Amino acid sequence: MSSSVEQIKERLDIATVVGGYIKLEKAGGNFRARCPFHNEKTPSFMVSPDRGTYHCFGCNRGGDIFSFVEEIEGTDFRGALRILADKAGVVLTAENPKERNEKDRLFALLADATLFYRKELRKNKDALSYLQKRGLTGETIDTFEIGFAPAEWHALEEYLLSKGYKPDEMEKTGMSIRSEKVGQEGRHYDRFRSRIMFPLTDSSGRVVGFSGRIFNSDDPAKYVNSPETPLYN
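By the count of our numbering, the sequence shown reaches residue 234 at its end, each step adding exactly one.
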């Protein structure tokens, strides 16, 4: 499926896609228009062909060709994928239902992990204060779903276990690591500890991984990112 997405993006220019729905005006290297998602008199909707993105400075909506078609057509990611594949002449390969169900569980696990980290950030006054000193507002923190991974080795693991997820699913999403220490083989521990957590999302806004910045720890790695997984490349 990811190769189909890449093929579509290679074949379709965002200005062409968006221009098929609304009238665009040239603005330097970009295009502008009145936003199709809210009423406005002065154009604040910008399209960047170089970046392959759009953004409205009035209602703050933005994304790529997939999120645009999702919103304008009132469909989900798979619906937008079919529409754009047809426009691009890309043949979509069938997906195994079992694999899709497994992926759905992994997406749900990462969504719950995001919620866990967000709750932990609200409890950590020092981390919140640090973000505010760096210029982040409460609105920005909520918009980007920034969170915090506590210093404990099994905090996220225990939370996800209580939600019914399995250790191998946590490992598959990159949220936990299997221990190789003698006497602890097969046990898991949280990949992210004592870090400010930034979710990484796909074109439809689903969390596929994380980037964690060190906070109040002597870990030499300033950032730790999710490894390659079935959801994140």
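Glycine included, C-beta positions come from ideal geometry on N, C-alpha and C. These numbers come from a predicted model, not from an experiment.
| Query | Result |
| --- | --- |
| Let's test the definition: count the other Cβ atoms within 10 Å of the Cβ of Phe145 and tell me whether it reaches 16, buried, or not, exposed. | exposed |
| Which of the three DSSP states is assigned to Phe32 in this structure? | strand |
| So, for Lys24: in the same chain, excluding its five sequence neighbours on each side, which residues have a beta-carbon less than 7 Å away from its beta-carbon? | Ala34 |
| Inspect the CB distances between the region 87-105 and the region 128-135 and report whether three or more fall short of 8 Å. | no |
| If you draw a straight line from the alpha carbon of Phe46 to that of Leu85, how long is it in whole angstroms? | 21 Å |
| As a quick exercise: from Ser195, Leu82, Thr43, Ser5, pick the residue whose alpha carbon is nearest that of Asn125. | Ser195 |
| Only counting the same chain, and skipping five residues up and downstream in sequence, which positions put a Cβ closer than 7 Å to that of Lys200? | Per the sequence shown, the amino acid found at residue 200 is Pro instead of Lys. Once the five neighbours on either side are set aside, the close Cβ partners of Pro200 are Thr115, Glu146, Val208, Phe211. |
| Can you check DSSP and say which residues form a bridge with Phe211? | Pro200 |
| Just tell me which of Phe69, Arg52, Met171, Ile215 has its CA closest to the CA of Tyr224. | Ile215 |
| Along the beta strand (DSSP E) that carries Met47, what are the first and last residues, could you check? | 46-49 |
| Are Ile142 and Leu129 close, meaning C-beta to C-beta below 9 Å? | yes |
| I believe Glu158 touches Asp191 by the beta-carbon criterion, under 8 Å. Please report the beta-carbon distance rounded to the nearest angstrom. | 6 Å |
| With Arg106 and Glu170 assumed to form a contact (beta carbons below 8 Å), what rounded beta-carbon distance in angstroms separates them? | 6 Å |
| Give me the residue from Glu11, Val6, Phe58 with the minimum Cα distance to Cys36. | Phe58 |
| Curious, which full-length alpha helix (DSSP H) runs of at least 4 residues does the region 49-106 contain? | 66-74, 78-89 |
| So Met198 and Gly148 are in contact, right, with Cβ under 8 Å, and what is the actual spacing, rounded? | 4 Å |
| Return helix, strand or coil for Met2, following the three-state DSSP convention. | Residue confidence is low: Met2 scores 47 on pLDDT, short of 50, so the model does not pin down where it sits. No coordinate-derived value is stated. |
| Alpha helix (DSSP H) containing Ser163: first to last residue? | 156-163 |
| Buried or exposed: His189, going by 16 or more other Cβ atoms within 10 Å of its Cβ? | buried |
| Provide the residue span of the alpha helix (DSSP H) that contains Ile23, from first to last. | That residue, Ile23, is in no alpha helix (DSSP H); it is neither H nor E in DSSP. |
| Would you mind giving the Cβ-Cβ distance between Glu172 and Ala150, rounded to the nearest angstrom? I have them listed as a contact below 8 Å. | No, Glu172 and Ala150 are not in contact; Cβ-Cβ is about 16 Å, not under 8 Å. |
| Quick check on Arg123: does DSSP put it in helix, strand or coil? | helix |
| DSSP has Tyr224 in a bridge; who is on the other side? | Arg214 |
| I'd like the span of the beta strand (DSSP E) that includes Ile178, first residue to last. | 177-179 |
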